[in-house]
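Here is the structure we will look at, set down as structure tokens.
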Amino acid sequence: MLSYRHAFHAGNHADVLKHYVLGLVLAYTKQKDKPFWYIDTHAGAGMYSLTEGYATQNAEFEQGIAKLMAADNLPNPLADFVAQIKSFNLNSSTSDSVNLYPGSPAIAQDFLRADDKMRLFELHPNDCKLLIENFRGQGKQVKIEMQDGFAGIKAYLPPPPRRAVVLIDPPYEDKQDYQRVVKMIKDSLTRFATGTYIVWYPLLQRPEPRDMMSDLMALNVDWLNVEMTIHEPAAEGFGMHGSGLFIINPPWTLPNILDETMPVLTSLLALDETASYTIESKIA
Ligand SMILES: C[S@@+](CC[C@H](N)C(=O)[O-])C[C@H]1O[C@@H](n2cnc3c(N)ncnc32)[C@H](O)[C@@H]1O
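Using the working numbering, the first residue of the sequence shown is number 1, and each one after it goes up by one.
Here it is, written out as structure tokens:
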């Protein structure tokens, strides 16, 4: 059963970390004058209103992107990310207000050149319909499929240009998703070892995320792992206190950019004094 709707969480701290790092990876990837594919196994609706509908219920964006929009003197990489979000909000009432928040496909599309392609999977019929509406008229550059992204990705690996950035961003409402990610990554690496794979995961007080991370960190690949917690884990043991991104074959420039900017991002999004970040990597 598909109960997860990303619109409830659009623009929250986890989206900010994910989309900021996704933009850094894509900016690096497009520096080379050779086409690449962007593949999103769990794409969501592509664009979210922050002024009506689900996103207004808990207004999670107020503890996320809204804080960045209001910040001054950001280091360049974070300022570039905020400028990108502002570009989707050119008709907002004030320059710091955000009415629309882009999902990962809209973030990625900004980085595509004429020969780059985007392949999107979204299983929820309503979100897939919204995704198709949001990307109507893009021609062959964008292909959207309402199917299981864990299985569907196999058809695209290796991609014809032999260059790709893959985002794997499941809801993890089904505990099986953690091991599905590991299985999918192992299979994908046999098909296309040189791709850049970005796995998003929540920080929770339960074993599955840690088990998944141990399996991923044991892979014989170059990787970088960045985590950010924004508050102390809840005493009753529930809820997400942060999130992380595990990146296989990361850009060599990424560790330095994250070293420079994660302290700023973490202090902007902190909800208490325990907020922190970690950056680990295994790069041969
Ligand atoms: C965390 S959201 C994606 C958010 C999006 N990547 C973004 O950053 O804007 C996860 C999405 O995966 C969809 N989904 C769940 N299971 C799926 C599956 N097996 N294959 C493809 N999509 C799935 C959900 O409907 C939901 O829209």
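Ideal Cβ positions, reconstructed from N, Cα and C, are used throughout, including at glycine. Please read these numbers as outputs of a predicted model, since none were measured by experiment.
Contact between the segment 21–33 and the segment 252–270: three or more CB pairs below 8 Å?
yes
Close beta carbons around Val264, own chain, < 7 Å, minus the five adjacent residues each side:
Leu74, Pro75, Leu78
Which of helix, strand or coil DSSP assigns to Tyr28:
helix
Once DSSP output is grouped into helix, strand and coil, what is the label at Leu219?
coil
Please check if any C-beta of chain D sits within less than 7 Å of the C-beta of Tyr197.
As a matter of chain content, chain D is missing from the structure shown, which is built from one protein chain.
Taking the Cβ atom as the reference point for each residue, do Ile198 and Leu167 lie within a distance shorter than 7 Å?
In this structure, Ile198 sits near Leu167, with a CB-CB distance shorter than 7 Å.
So for Thr56, helix, strand or coil by DSSP?
In this structure, Thr56 counts as helix in the three-state DSSP scheme.
Under 6 Å: does the beta carbon of Ser104 sit that close to some heavy atom of ligand 1?
Yes, ligand 1 has a heavy atom inside 6 Å of this Cβ.
Who are Lys282's beta bridge partners in DSSP?
Trp223
To the nearest whole angstrom, what separates the beta carbons of Tyr48 and Tyr101, a pair I think is in contact under 8 Å?
5 Å
Report the rounded CA-to-CA distance for Tyr172 versus Arg180, giving the unit in angstroms.
When rounded, the distance between both Cα atoms is 10 Å.
Excluding the five sequence neighbours on either side, which residues of its own chain have a C-beta within less than 6 Å of the C-beta of Gly149, listed in chain order?
Thr41, His42, Phe121
Distance check for Asp15 and Gln84, CA to CA, integer angstroms please.
14 Å
Going by other Cβ atoms of all chains shown within 10 Å of its Cβ, with 16 needed for buried, is Thr261 buried or exposed?
Within a 10 Å sphere around the beta-carbon of Thr261 sit 16 or more other beta-carbons, which makes this residue buried.
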